[in-house]
Each structure stands twice: as C-alpha cells, then as structure tokens.
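There are 2 protein chains.
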Amino acid sequence: MKTDMTLNELFELCSNRLEKLLPVYLRDIPSLDLKTAMEYTLLNGGKHIRPLLIYATGSMFAAPLENLDIPASSVELIHTYSLIHDDLPCMDNADLRRGKPTSHKVYGEGMAILTGDALHTLAMQIIATHPSPLTIDKRLRMIAALSQACGPYGMAAGQALDIIVMNDDTISEDLLLNIYQLKTGALLSACIELGRLASKDDDEIHQRALKEFGNYIGLAFQIQDDILDIEATSEALGKHQGTDAKNKKITYPKLVGMTTAKEKVQSLYQQALEAINFMGHQAQILRELVEYMLERGR
Amino acid sequence: MKTDMTLNELFELCSNRLEKLLPVYLRDIPSLDLKTAMEYTLLNGGKHIRPLLIYATGSMFAAPLENLDIPASSVELIHTYSLIHDDLPCMDNADLRRGKPTSHKVYGEGMAILTGDALHTLAMQIIATHPSPLTIDKRLRMIAALSQACGPYGMAAGQALDIIVMNDDTISEDLLLNIYQLKTGALLSACIELGRLASKDDDEIHQRALKEFGNYIGLAFQIQDDILDIEATSEALGKHQGTDAKNKKITYPKLVGMTTAKEKVQSLYQQALEAINFMGHQAQILRELVEYMLERGR
C-alpha cells in the first residue's frame, strides 16, 4: 500500500475494498434469512471509521493491502454486531440506524440477536481462515488484540458498566471516562494496532505511541457521540436525536456541562496528535483523520 | 494424558480441570457485575458433554492435558453463551436452566445478552492468548474449527433456520435433520476435531472417521433432547418440560412420531460406532461415552 496517501484516496480505497470484500464472506451462509439480515446492517453505508483507522495506520508502515483487508473487514463485522445488539429494546431501544429501521424492527428481536452473534463469530473466522499473505503468527496476534478489545476485558465490560451506572448521576468523571475507554476506546485503539500488525513494523516505541494515540481518539470520539446526540438533528445522525436523554443516561456532557465537554474533545484530540508528533511526516495521514473526526463534531 | 482412561476417570478429570480453570479466565474482568453474571451460568454445573468429548478424543491420541484444557474451556464458554441467548424471551423464553432461574430472569435481558456476548468473545480470546504448550498453528486451526462450527456457517445458521421454520409442519425430515446438524451437530463434531488437534495425530483417515462419528452423535443428541422435552420431568431436566410444545416448535419426534424418533437415535449412535469401528481399542473411550449418552435418553 502506498505511504503518501491523501485522505480522499484513503476514503475511496476503504469503501471500495469493503464493498467488494464484505459480501464475499457471507456468500455461502446456509440460511438465506440469516444472510439477508446480516447484509442489511453490514452493508448499510456505515462511516467505516474503524476500517479507515486500520488502512491509515497500515499505509504509514507500507503494509500490503491484502493484509489490511482482513482486519478492516473483521472490525467492521464486530462493530456492526455491537450496533445491532445495542439497538435492541432491552438495551438502547433504538428504532433507526443510518436512516433505516434497526435490525430488530425489520427481522424481530430473536433474529437480530442471532444476526449480531453470527457477525461476531464471522469476524474471528475470517481472521483465522480467509486466504491472504498474512502469517499464522500475525493472524493469531490480530485475534488476540481484537478479542481483548471487544470482549469482557474491553467493549463488553464497558457496555455492562454502562447499563449498571446508566442512571447514577453521582458517578465520577474518572469512572465515566474509564467506561468510555472500555466501551469505545479499546476497539478504536485496537484498530491502530491491527493496522500496524498487518505491516512489518516491530518498533515498540511506535506501538506504545500509537496505543496512546488510539486511547485519546477513542475517548474523544465517544464524547463527540454524546454531544451529537444532544445537538445534532435526527436527519444528520441517521437515528433519533436525544436517545441518551430518553434513556435517562448519564453522559459526559450531562455530567460536566456542554462547554467543558467540547473543550475536552479538543484537548483529547490535541493529546492524540502530540503522542504521534515524533513520527513526523510518516503519521500525516493520522493527523488528517483526526482533522476529519474533529470536523464531525462541528 | 493417559490413553487407557475409564469413563469415571474421564468425568472426574473433566470436572476437576474445568472447575479449576474457568474461574481463572474471568478473574480480572473490569466489571464485577458482568463477571458475576458470566460465572452464574458458566459455573452452574453443566453436564460438560462437549468438554468430555474433547478430553476423550485427546486421550485417544495421548494429547497433553494442557493442550486440551484450552479448547475444552473454550467450547464450554461457547455452549454457555448459546444457552443464555437461546433462553431469552424472544427466543425459547425459558425461565429455568439446570434447576435455577435463567440469566435474564436474574440479571435482566440487556445484561444477559451482554453476558452471552462476553462469553462468546472470551472463548476466542483464551485460544489466542492463554499460556499453554499449544503451537500458534494449532491455536489458529482451533479458532478456525470452532468459529466455523458456531458461526453463520454452523450453529448460528441452524438457530436462524430453527426460528424461520419453527411453526412450519410441512417441513421435510431431511431439512429438519439438516437444521439439527447445523444447530447441534456442528459444535459436537468440532469438539472431536479439537481433541484430535490438541494431539500430534495428523492421519486424515482418523480425521474423516471422527468427523462422521461427530455428525452422527450430534444428530442423535439433538433428537434425544427433543424426546426428553416431551417425556422427562421438569425436575430431571432442570428446566420446564414441554418448552418445545409451548413454543409450537416442530421437532423430530413430532414430525415422525415418538417410536420412529427413538429408533433413529439408536441407529444414529450405531452408525457413529461403526464409523470408528476400525480404530479398535484406541476408540474405546468414545464407545463408552456413546453408551453414556444413550443412557441419558432412557
């Protein structure tokens, strides 16, 4: 993959690759209903922030595109599974996602749970089995990084804490940020590591700096989501605005106030940029991605 | 692992190993509520049929015990995740499991879904990361076998088909058996393969024969479950008898009649034994396990 990619080239590459690849993994699923339900949410034009992070980091280290396709697809499968389960009536109870009715609205709750489960397993299956030049060592390290980030030591724990403290307005800022780190930061941070793992880079200083970068943008991204849920229109969000308030959920802007929350987003992205500052021109694409992510909140 | 194990020794070894190991994987989960909910169903005295198949097959090929612990634990995590999701109100709507209230009855539906999700990811995570003498090649092949068996090309597809055809009494016997193969057979069959993978055996004739064996016992096991749901007491089942009938579910005994269904169980176990007949004394422990599984239905 070429190393001096522009942001627009990255966007185009990412959506082209995923559009071509995602349907391939689903092709021979023996239940047509399950396949259709999986496609419905998976191919519904997500923003692909997570795969973008993977391709961007991979391009920094000249990773072969074929090595990036697998973790990029896998993370999109995991993200989609988590959206479907989050939207269920017993979780966020969301009717709309990306401007269309959510999975359980179309296929029923039982089928939506299964659809999420199937996407979840498939994410691991393609890393373990899909043909690519990736070595078995790299594949196993990718499964390790991904499962660590999305299971009970990462995203699932964040979601559980989210349910437990949902209505507790005595929660501390530190605990709330810790939940955000588990719920959103861990998987975003893993994307950066997956992109690096797809390359030949084995510099521990890079690994540590990129992990720090990933953690900062993960937190910033989640706080932005909370801000958008308050300030954006339902049309711009593709889902009903005000879902958090409806669910009486304590979010960061509710806890510290909107002004402080917006300042926090700025400062987190700033800290992210500082963490990779020493990488100079090599990290340019990540800076442009941060600029794009900041734009999302304006 | 010693190769001339009796069935009682196998039972004892399996429950001792799992009792010791399963809590270890959950030890440092950052949400205490999630950890507690995972333990509640995972450590609730299951029959451990799937881990038993792994240890039994491993013992046939003198696999090191430490190599068998990981797939045995992993499969128990996957099985437990599938039970928690199956029991949900929008699926089988079951209140009791192993004589105790089901996960969603105790922790709520949202938490039960997350608990299943967390067990699901953890199953993959421990194969990828838990220390053991297993090579990376074997670990990756185990994740491949397990994800193939429990994802959209196996169990998840079977479950989806189960939902779709649930009330269709024009379903053919072949299609129903195909659903059983996906829903139950694939994972049971994968257990046999995981046990063999933990050893040094690389004989393709063994692999094929054991796969055939696994498929037959998988079908037999599922039909037995349906029979028990009609004939056993709730007390013996540890769950409410008649759940299938309550859910108006088409099952094998309902489709072909009880007598034919019971004959089918006998003949499937017979075919399973024939598939491994050529393995002589080496396969003795599997024969004893079949005898034990048959006993379950009497």
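Protein sequences appear in the order of chains A and B.
To convert, count from 1 in the first sequence and add 1218; that's the numbering used here.
To convert, count from 1 in the second sequence and add 1218; that's the numbering used here.
Idealized CB from N, CA, C, for every residue including glycine.
Nothing here was measured: the structure is a model prediction, and the numbers come from that model.
At a CB-CB cut-off below 8 Å, which residues of chain A make contact with residue i?
i: GLY1413/B; result: Near GLY1413/B there are no residues of chain A at all, since even the closest Cβ is about 18 Å away, more than 8 Å.
With distances taken Cα to Cα, identify the nearest neighbour of residue i among the options.
i: GLN1440/A; options: LYS1457/A, ILE1423/A, ASP1419/A and LEU1400/A; result: LEU1400/A
i: ASP1386/A; options: LEU1473/A, LEU1270/A and ILE1503/A; result: LEU1473/A
i: LEU1271/B; options: ASP1287/B, LEU1239/B, THR1259/B and TYR1258/B; result: ASP1287/B
i: SER1277/B; options: PRO1307/B, GLU1237/B, GLU1411/B and ASP1335/B; result: GLU1411/B
i: SER1350/A; options: ALA1416/A, ASP1335/A, ASP1310/A and MET1497/A; result: ALA1416/A
i: GLU1449/A; options: HIS1424/A, GLY1475/A and ARG1426/A; result: GLY1475/A
i: ALA1493/B; options: THR1469/B, HIS1424/B and LYS1482/B; result: HIS1424/B
i: ASP1444/B; options: GLY1432/B, LYS1467/B and ALA1427/B; result: LYS1467/B
i: GLN1442/A; options: ASP1419/A, PRO1471/A, PHE1279/A and GLY1432/A; result: PRO1471/A
i: TYR1510/A; options: GLY1317/A, SER1292/A and HIS1266/A; result: HIS1266/A
i: THR1469/B; options: ALA1438/B, PHE1496/B and SER1452/B; result: ALA1438/B
i: LEU1395/A; options: THR1353/A, HIS1348/A, ASP1421/A and VAL1483/A; result: VAL1483/A
i: PHE1496/A; options: ALA1274/A, SER1452/A, THR1451/A and ALA1427/A; result: ALA1427/A
i: ASP1419/A; options: THR1275/A, GLY1263/A and CYS1232/A; result: THR1275/A
i: LEU1504/B; options: PHE1431/B, GLU1481/B, GLU1453/B and THR1477/B; result: PHE1431/B
i: TYR1273/B; options: LEU1295/B, GLY1498/B and SER1291/B; result: SER1291/B
i: GLY1436/B; options: MET1219/B, GLU1453/B and TYR1398/B; result: TYR1398/B
i: MET1219/A; options: GLY1328/A, GLY1413/A, LEU1512/A and LEU1283/A; result: LEU1283/A
i: GLU1391/B; options: ALA1479/B, TYR1371/B, PRO1370/B and LEU1507/B; result: ALA1479/B
i: ILE1381/B; options: ASP1421/A, TYR1325/A, GLU1481/A and ILE1354/A; result: TYR1325/A
Below 6 Å CB to CB, which residues in the same chain sit around residue i once its five sequence neighbours on both sides are set aside?
i: VAL1383/B; result: ILE1389
i: TYR1434/B; result: LEU1486, GLN1489 and ALA1490
i: TYR1299/B; result: GLY1334, LEU1337 and HIS1338
i: THR1259/B; result: THR1298, ILE1302 and SER1321
i: MET1329/A; result: ALA1255
i: HIS1348/A; result: ILE1288
i: ALA1375/A; result: LEU1400
Short of 7 Å in beta carbon distance, which residues of its chain neighbour residue i, apart from the five on each side in sequence? Order them along the chain.
i: LYS1457/A; result: ALA1312, LEU1314 and ARG1315
i: ASP1447/A; result: GLN1459, GLY1460, THR1461 and ASP1462
i: THR1221/B; result: SER1277, MET1278 and ALA1280
i: GLU1227/B; result: none
i: PRO1269/A; result: CYS1232, LEU1236, ALA1290, VAL1293 and GLU1294
i: LYS1323/A; result: ASP1313
i: MET1517/A; result: Absent from the structure is residue 1517/A, since the part of chain A shown begins at 1219 and ends at 1516.
i: GLU1506/A; result: LEU1225
i: LYS1253/B; result: LEU1244 and ILE1247
i: VAL1508/A; result: ILE1435, TYR1487, ALA1490 and LEU1491
i: ARG1414/B; result: THR1275, PHE1279, HIS1424, GLN1425 and LEU1428
i: ARG1514/B; result: GLN1442
Applying a beta-carbon distance threshold of less than 7 Å, which residues of chain A neighbour residue i?
i: GLU1327/B; result: CYS1308
i: ILE1247/B; result: PRO1370, TYR1371 and ALA1375
i: LEU1400/B; result: PRO1248
i: GLN1366/B; result: GLN1343
Using C-beta distances below 8 Å, list every residue in its chain close to residue i, excluding the 5 sequence neighbours before and after it, in chain order.
i: LYS1429/A; result: SER1407, ILE1410 and GLU1411
i: PRO1241/A; result: GLU1257 and LEU1261
i: ASP1304/A; result: ASP1310, ALA1312 and GLN1377
i: LEU1455/A; result: LEU1446 and ASP1447
i: PRO1307/A; result: HIS1322 and GLU1327
i: THR1451/B; result: GLN1459
i: SER1249/B; result: none
i: GLY1263/B; result: ARG1316
i: ASN1285/B; result: GLY1276, SER1350, PRO1351, LEU1352, LYS1356, ALA1416 and SER1417
Give the interface partners of residue i over in chain B, defined as CB-CB distance under 7 Å, in chain order.
i: HIS1303/A; result: ILE1331 and ASP1335
i: ARG1357/A; result: LEU1358
i: ILE1361/A; result: MET1342, ALA1346 and ILE1361
Kindly list, in the order they appear in chain B, the residues whose Cβ is closer than 9 Å to that of residue i.
i: SER1292/A; result: Going along chain B, no residue has its Cβ under 9 Å from SER1292/A, so there is no contact; the nearest lies around 11 Å.
i: ASP1419/A; result: Chain B residues near ASP1419/A: none, gap ~19 Å exceeds 9 Å.
i: ASP1251/A; result: ALA1378, LEU1379, ILE1381 and ILE1382
Is it the case that the CB of residue i approaches a heavy atom of the ligand COA more closely than 7 Å?
i: SER1292/B; result: Looking at this structure, you won't find the ligand COA or any other ligand, since it has none at all.
What does residue i reach in chain A if we use C-beta pairs closer than 9 Å?
i: GLN1489/B; result: Those within 9 Å of GLN1489/B in chain A number zero; the least Cβ separation is about 23 Å.
How do the segment 1359-1374 of chain B and the segment 1337-1349 of chain A stand: do at least 3 beta-carbon pairs fall below 8 Å, yes or no?
With the rule of 3 Cβ pairs closer than 8 Å, the segment 1359-1374 of chain B counts as touching the segment 1337-1349 of chain A.
Under 8 Å, with one C-beta from each stretch per pair, do the segment 1354-1361 of chain B and the segment 1229-1237 of chain A reach the 3-pair mark?
The answer is no - the segment 1229-1237 of chain A does not touch the segment 1354-1361 of chain B, with fewer than three Cβ pairs under 8 Å.
Taking beta-carbon pairs under 9 Å, can you tell me which members of the segment 1370-1395 of chain A lie near chain B?
Of all residues in the segment 1370-1395 of chain A, PRO1370, TYR1371, GLY1372, MET1373, ALA1374, ALA1375, GLY1376, GLN1377, ALA1378, LEU1379, ILE1381 and ILE1382 have a Cβ within less than 9 Å of some Cβ in chain B.
Give me the subset of the segment 1339-1354 of chain A whose CB atoms are less than 7 Å from a CB atom of chain B, sorted by chain position.
Those would be THR1339, LEU1340, MET1342, GLN1343, ALA1346, THR1347 and ILE1354, in chain order.
Between the segment 1254-1271 of chain B and chain A, which residues of the former have a C-beta closer than 9 Å to a C-beta of the latter?
Within the segment 1254-1271 of chain B, those residues whose Cβ lies closer than 9 Å to any Cβ of chain A are, in chain order, ALA1255 and MET1256.
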